[in-house]
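Enquirer: There's a structure below that I have some questions on.
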Amino acid sequence: MSTDGLFELDDTPVAGDGAAESTLERPSATAPLAVRMRPRSLDEVVGQRHLLRPGAPLRRLVEGGAPASVLLYGPPGTGKTTLARLMAGADGGARHFVALSALSAGVKELRAVIEDARHRLDRHGRPTVLFIDEVHRFSKTQQDALLGAVEDRLVLLVAATTENPSFSVVSPLLSRSLVLQLQSLDSDELRELLRRAVADRRGLDGAVTLTPEGEDTLVRLAAGDARRALTALEAAADGALSDQGSDQDRAGDGPAVIDVAAVERAVTEVAVRYDRAGDQHYDVISAFIKSIRGSDPDAALHYLARMIVAGEDPRFIARRLMVHASEDIGLADPTALQAATAAAQVVQLVGMPEARLALAQATVHLATAPKSNAVIVGIDEAMADVRAGAVGAVPPHLRDGHYAGAQKLGNAVGYRYPHSAADGVLSQQYPPDALVGRDYYRPTTHGAERVLAERLPKLRRAVRGER
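If you count by this note's numbering, then the sequence shown holds residues 80 to 546, one letter each, in order.
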């Protein structure tokens with residue numbers, strides 16, 4: 080909940096004069112399971128071992144070491160909010176805590192918090208921890224408004240973002256902050272979290288039992304997100320306890336059982352973690368193209384499915400397929416570009432969801448096609464030479480001779496028409512003088528390019544008069 084952009088991390092509405100007091104109190108019994116199970120100390124934190132090992136910067140900050148502003152960057156459900164709460168509780172709770180939501184706060188709210196922090200530090204010597212959730216949603220102006228307070232340590236900034244801060248946070252703020260990347264929880268960490276929530280008095284307190292198969296399903300559905308795992312567990316527990324209570328024969332027979340069926344009844348569809356404007360957008364499309372390039376159609380279809388389920392623009396996917404067809408396949412399979420272009424036409428003319436079939440067909444075609452980067456290497460080398468000044472004059476016999484006076488200038492004089500030769504190829508200079516003998520296109524022996532690899536040297540010798 081928020082009030083004028085200010086909120087407490089336990090979702091307790093902030094009252095009073097516009098500056099939130101630190102209220103890191105225990106959540107109520109009716110709070111969501113994920114809130115009730117939020118770690119109260121570093122010992123309870125699951126995951127992020129690379130940041131919390133003895134002597135690591137984040138552990139020192141949480142344990143009250145030298146203050147520093149921090150940007151916590153990572154996927155949802157990895158503990159950004161939890162770590163901010165723990166940092167606020169360092170020094171025996173001596174730090175004042177204020178939280179802002181980037182979705183609702185503006186420059187006015189930022190300045191009010193900074194001014195309050197200044198007075199609190201001057202009058203009481205009490206530092207302020209300012210937690211900003213989704214800081215990537217702040218504009219450049221809003222981020223710039225933080226610089227002075229961070230520089231002067233009027234506030235200890237703890238900012239959370241699911242996007243790569245290199246793309247979404249202004250450089251001056253980046254340089255003044257410690258950037259720490261959080262990682263998705265692995266399967267073992269999620270299992271530990273689920274088992275603790277089942278047994279702990281703050282959680283389900285043994286009211287349910289989780290079968291190994293049910294646990295496997297929850298781990299799979301969570302996809303590394305601790306909050307999602309606990310939310311799904313709570314929904315499944317509610318359903319299992321409700322079913323047990325309505326079954327008079329089973330009532331009182333012990334804990335309700337959460338199995339695969341109970342989980343599937345509670346969770347109908349997995350939410351795909353994918354921000355079309357953020358880091359996941361670039362990561363998934365990168366993995367998609369690299370899987371095609373690596374000739375793994377199964378992985379490519381997985382990433383295609385993630386994009387489709389998340390609502391990615393199918394035209395964007397089609398454009399990437401068309402680029403890939405020339406960049407990584409080229410003439411090793413001349414039909415690859417045709418397949419990608421056809422898929423783009425289906426997207427345009429038919430639309431989704433049916434167009435997913437054409438996108439999948441093109442994806443499999445490109446992933447299983449022989450690969451060659453000879454086309455992109457050739458054009459890039461040619462462009463590099465041009466940019467370096469290797470251009471030269473067009474040979475006179477190749478110049479346009481279709482206007483009056485062209486022949487008096489020597490244009491088109493001496494041009495030899497290839498079709499007059501028996502095999503359609505004859506000796507003639509085509510490149511500028513400085514580039515004679517420069518080979519840009521070097522076909523591989525993959526797929527259909529094998530024929531070109533055998534034919535092209537003969538063509539070059541004939542054109543250059545070397546036969």
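For every residue, glycine included, the Cβ atom is placed at its ideal position computed from N, Cα and C.
Confirm, please, whether the CB-CB distance from V124 to A305 is below 8 Å.
Expert: Contact: no.
Enquirer: Mapping the DSSP letters down to three states, classify D212 as helix, strand or coil.
Expert: Strand, per DSSP.
Enquirer: Would DSSP call L312 helix, strand or coil?
Expert: If DSSP states are grouped into helix, strand and coil, L312 belongs with the helices.
Enquirer: Out of A411, D223, R344, L236, point me to the one whose CA is closest to R174's CA.
Expert: Nearest option by C-alpha distance: L236.
Enquirer: Ignoring anything shorter than 3 residues, give me the beta strand (DSSP E) runs that lie fully in the segment 132-166, in order along the chain.
Expert: Segments of the beta strand (DSSP E) lying fully in the segment 132-166: 149-152.
Enquirer: Okay, do the segment 199-215 and the segment 174-188 touch, 3+ Cβ pairs below 8 Å being the bar?
Expert: With a cut-off of 8 Å, the segment 174-188 and the segment 199-215 count as touching, because enough Cβ pairs lie within range.
Enquirer: Going along the chain, which residues of its own chain have a beta-carbon closer than 6 Å to the beta-carbon of Q221, five neighbours each way excluded?
Expert: So the qualifying residues of the chain are V186.
Enquirer: Which residues does DSSP list as the beta-bridge partners of F395?
Expert: None, per the DSSP bridge assignment.
Enquirer: Taking all protein chains shown into account, decide if F246 is buried (16 or more other Cβ within 10 angstroms of its Cβ) or exposed.
Expert: So F246 counts as exposed.
Enquirer: Just verifying my parser: in three-state terms, what is the DSSP assignment at H175?
Expert: Looking at H175 - three-state DSSP - the assignment turns out to be strand.
Enquirer: So, G293 versus D338, is the Cβ gap smaller than 8 Å?
Expert: The answer is yes: Cβ separation under 8 Å.
Enquirer: Can you tell me which of the three DSSP states L225 falls into?
Expert: L225: coil per DSSP, three-state reduction.
Enquirer: Using the C-alpha atoms, what's the distance from A439 back to S101?
Expert: Annotation note: pLDDT 40 at S101 (below 50); position unreliable, coordinate value reported separately. Taking the straight line from one Cα to the other gives about 52 Å.
Enquirer: Return helix, strand or coil for L531, following the three-state DSSP convention.
Expert: Here L531 sits in helix by DSSP.
Enquirer: DSSP three-state call for T207: helix, strand or coil?
Expert: It is a strand residue.
Enquirer: Tell me which same chain residues have a C-beta within less than 7 Å of the C-beta of A513, skipping the five on either side of it?
Expert: Excluding residues within five positions, the ones whose Cβ falls inside 7 Å are A469, G471.
Enquirer: Please state if the CB of Q127 and the CB of L261 are separated by a distance shorter than 8 Å.
Expert: A contact, by the Cβ cut-off of 8 Å.
Enquirer: Leaving aside the five residues before and after R138 along the sequence, list all residues of the same chain whose C-beta is less than 6 Å from its C-beta, in chain order.
Expert: Only L131 meet the Cβ criterion.
Enquirer: Tell me the rounded alpha-carbon separation between F86 and E188.
Expert: Low confidence applies here, because F86 scores a pLDDT of 35, under 50, leaving its location unreliable and the question unanswered by this model.
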